[in-house]
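Residue numbers (UniProt numbering), protein chains in the order written: chain A, 1 to 267; chain B, 1 to 576.
Yeah, the Cβ is synthetic: ideal placement off N, Cα and C, and Gly gets one too.
All remarks here apply to the structure that follows.
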Amino acid sequence: MEGCPRSRETCPKLLDLIPQERKWYHNEEKNNSDQEKKLELRLAPPGGDEEDLSAMKKTNLDTRNNIKKEAEDKPIFNLSGNHFSPSNKTTYAPPHISHKRTAPGPVVGWPPVRSFRKNLASSSSSKLGNDQINKSGEGEKQVEPKRDGMFVKINMDSVPIGRKVDLNAYSTYEQLSFAVDKLFRGLLAAQRDASGGEGEEKPIIGLLNGKGEFTLTYEDNEGDKMLVGDVPWQMFVSSVKRLRVIKSSEISSALKFGCSKQEKMRN
Amino acid sequence: MNYFPDEVIEHVFDFVTSHKDRNSISLVCKSWFKIERYSRQNVFIGNCYSISPERLLRRFPCFKSLTLKGKPHFADFNLVPHGWGGFVQPWIEALARSRVGLEELRLKRMVVTDEGLELLSRSFVNFKSLVLVSCEGFSTDGLASIASNCRHLRDLDLQENEIDDHRGQWLSCFPETYTSLVTLNFACLEGETNLVALERLVARSPNLRSLKLNRAVPLDALARLMACAPQIVDLGVGSYEDEQDSESCLKLQAAIRKCTSLRSLSGFLEAAPHCLSAFHPVCHNLTSLNLSYAAEIHGSHLIKLIEHCKKLQRLWILDSIGDKGLEVVASTCKELQELRVFPTDLHGGGNTAVTEDGLVAISAGCPKLHSILYFCQQMTNAALITVARNCPNFIRFRLCILEPHKPDHVTSQPLDEGFGAIVQACKNLKRLSVSGLLTDQVFLYIGMFATQLEMLSIAFAGDTDKGMLYVLNGCKKMRKLEIRDSPFGDAALLADVNKYETMRSLWMSSCEVTLGGCKRLARKAPWLNVEIINENDNNRMEENGYEGRQKVDNKLYLYRTVVGTRVDAPPFVWIL
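Spelled out as structure tokens, the structure:
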């Protein structure tokens, strides 16, 4: 009984770590599991009606039967170097097409990663992704259309609490500028109110042209601080790491520590 | 042995610490059972519903440390709805009423409340150690009770819990006279921290060995903390966001150089790209490194750090390190025992950060490797076969290919052979997670070869009931089996009902099991709790059967128990 489950079949010869000229024999019953009564409540994956699922199941079985027929005629697992020569494919048709359940969107609980890991992944994936692509030596930057939001942090001078903004929700700098105003107008007013200044809400404008009280800057994937607005929008989105709204009067000091590409170019 | 007085036998038993061994000892004879009972110090209960607090106290009246686990593992991935269970309150209440001198409580995936923590803090004079892992239901008010009332507290270790942060003053609740802190981990707290209270606490804790900060502790505070705790062994950096040459950074570097006992580094919950270089001076002593939360650190910086970590035994990292980075790990970290590579891009969006090559490199370079958790987007049978040949010592092998049903990307074959090689070579394998395109064949291999396997996680795999049957029949030491989205049905579930008495639990969700099948199982096995977690409108499901368009996503969770049906189940859980 040891090592051989349900010994009604011959124990198959098992694979060897060193490939040899061995064929794999696989005695399988053609019969598949009995059809369960569909009247019973079924614990089944999401998506589709009962009719769809039973139809899917029927095609699954049909396809599986066909595959199994083929499989019995020929040895399936030919260990003579099959795995090591990619060009040599066997006739085994992967069954995954037959029973792949089409989930209506992202699958719950997959991949099996804790929720707080998911959160940190979504905000950094695009920047890290670009690094990887650069390393692999490809000339072009693939701008990956993210299905989820691309949330980056945004802080504003004199406001202690930061926010996060979804860059995928916008397609132009104007839209982003408008969003920044919406995010911080109230907070800025509250901050000024708290520190004894006037508390009325003033719109935050002129972020992109240097003419407003504040200017929008960002830190890119190489750690450099940049003015927002120089490059095409998509290029900006693919390299931005975080945003910062700084007082226009402090531009020169804020850019001192970073490698300011604009300054270098001007000089 | 029986001619010795009880005290001598008890003294011998003191050297036997593992739970399994002590359980075996207690089965030898009545007198050993009795001696062992009264001398057991540490009790481990893997499923809080398998037994009741009263029975625990009757069997072990003198224990000092209790470990309890609540929700099933898949709760970590949001598959168990809120309110399912795992409440620790009845346990704390029962222990408080008894005369047990509880000193340590370790909880995993349980629901804890502030009232419970308050009761705990007041009921046990010698309480020393509280370790909460993946728990929820409490706030910083509960922590304040612990801080205020537990005079002899040594460890407060909060790992990945969901804590309602009231931004209160829990840190300042530790009395000024309190100086016995050894472990403090509050990395999972989201809110602001009272830095002054924290610094004063650390300054008066000469025995502090492990300090893990949350993201609200900035760089300058970290520098001050490390300056007054140079004896630290285990550090979790909170936030490290500052310019490279700032004053705080320099102070931190000076403080770090004095931390000659530092062996374990983690955290970096918010991190500037250049932050790791400050830690290069201590790398040569590090045995444990967890950078898996540091999504903002680039692969190149990770590699620069790891090049210095020749003594590393445990590494948790993000896949941004890349295959090249893993090659550096393989050539540098010859003492490596455990590796976890977590994904940064969860949707397989084209970035092949780590591939089968990285895994093969690690297996070739690290002879002591025995535990691995590896997230990747592609794998091949050839690679797995090579890994198996290089590393026959795996105890834990968890491979997660992000895309369900994905075959060998070179040959388009299922990955049966690759995993088969792993189970055949690794004779001590205790935990296995499989993924990718898999047929019943892989389960045949698992059933035949994985004789020591205790925990198996299956997702999107298999073709027929045979797959599950191979595992149930073959793996004699199976304790926890969790399956999702795989075509196993009633035939497999009901084939050997007695098998479940030898296991802790079985989870099956989105499989082919029917309600009728589960009911039959429950009838045949009254010593099992068979629970159906039904997330839809309960009544309608019962009456109308399978509603056409309605999403059906019921889950089966069964476990052995000696105390029958639990009484705290919410309405959406049917206990059959």
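When only Cα atoms are considered, Phe138/B and Leu107/B end up about 13 Å apart.
Counting C-beta atoms within 10 angstroms of its own C-beta, Ala169/A has fewer than 16 neighbours from the protein chains shown and is therefore classed as exposed. Phe74, Asp76, Phe77: these are the residues of the region 43-77 of chain B whose beta carbon lies less than 7 Å from some beta carbon of chain A, given in chain order.
Residues of the region 148-165 of chain B with a C-beta less than 8 Å from any C-beta of chain A: Glu160, listed in chain order.
Distance from the CA of Asn534/B to the CA of Val573/B, rounded to the nearest whole angstrom, comes to 6 Å.
Straight-line spacing of the CA atoms in Ala491/B and Ala525/B works out to 16 Å. Secondary structure of Gln424/B (DSSP, three-state): helix. Taking CB atoms only, Arg163/A has no neighbour in chain B less than 7 Å away. In this structure, Leu235/B lies near Leu265/B, with their beta-carbon atoms less than 7 Å apart. One alpha carbon belongs to Cys275/B, the other to Val237/B, and they sit about 11 Å apart. DSSP places Phe236/A inside the alpha helix (DSSP H), whose first and last residues are 233-239. In the three-state reduction of the DSSP assignment, Arg566/B falls in the coil class. For Tyr3/B, the number of other beta carbons within 10 angstroms of its own is below 16, and it is reported as exposed. For a Cβ distance threshold of 7 Å, residue set Phe342 of chain B lies close to Arg117/A, ordered along the chain. Contact note: Val240/A does not reach chain B at a C-beta cutoff of 9 Å; the least C-beta distance is about 13 Å. Fewer than three pairs of CB atoms, one per stretch, sit closer than 8 Å, so the region 439-451 of chain B makes no contact with the region 393-407 of chain B. Shown here, Ala223/B sits in a helix according to DSSP, grouped into three states. Boundaries of the alpha helix (DSSP H) harbouring Arg58/B: 53-59, taken from the DSSP string.
Bounds of the beta strand (DSSP E) holding Asn185/B are 183-185. Restricting attention to beta strand (DSSP E) runs no shorter than 3 residues, the UniProt domain "F-box" (4-45) of chain B encloses them at 42-45, ordered along the chain. Of the other Cβ atoms in all chains shown, fewer than 16 fall within 10 Å of the Cβ of Cys29/B; this residue is therefore exposed. Rounded to whole angstroms, the separation of the alpha carbons of Ser248/B and Leu222/B is 9 Å. Only residues of its own chain outside the window of five on either side were considered, and among them Leu171, Ser172 have a CB closer than 6 Å to the CB of Ala197/B, listed in chain order.
Where Ile395/B is concerned, there is no enclosing alpha helix (DSSP H), because DSSP gives it neither an H nor an E. Those residues of the region 370-399 of chain B placed with their C-beta closer than 8 Å to a C-beta in chain A are Phe375, Thr380, Asn381, Ala382, Ile385, Ala388, Arg389, ordered along the chain. Look at Ile297/B here: in three-state DSSP terms it is coil, with no helix or strand label.
Approximately 18 Å separates the beta-carbon atoms of Val563/B and Arg97/B; this is outside 8 Å, ruling out the contact. With a threshold of 7 Å between beta carbons, Leu438/B makes no contact with chain A. Under DSSP, Glu338/B takes part in a beta bridge, and its partners are Arg314/B, Ser371/B. Secondary structure note for Ser248/A: it is in no beta strand (DSSP E), with a DSSP letter that is neither H nor E. Close CB contacts of Asn155/A within its chain, under the 6 Å cut and outside five residues either way in sequence, are with Gly162, Arg244 (chain order). At a cut-off of 7 Å between beta carbons, Arg114/A contacts chain B. CA-to-CA, the gap between Val111/B and Glu136/B works out to about 5 Å. Within its own chain, the residues whose Cβ lies closer than 8 Å to the Cβ of Ile204/A, once the five positions on either side in sequence are excluded, are Val180, Asp181, Phe184, Arg185, Leu188, Gly212, Glu213, Phe214, Val245, listed in chain order.
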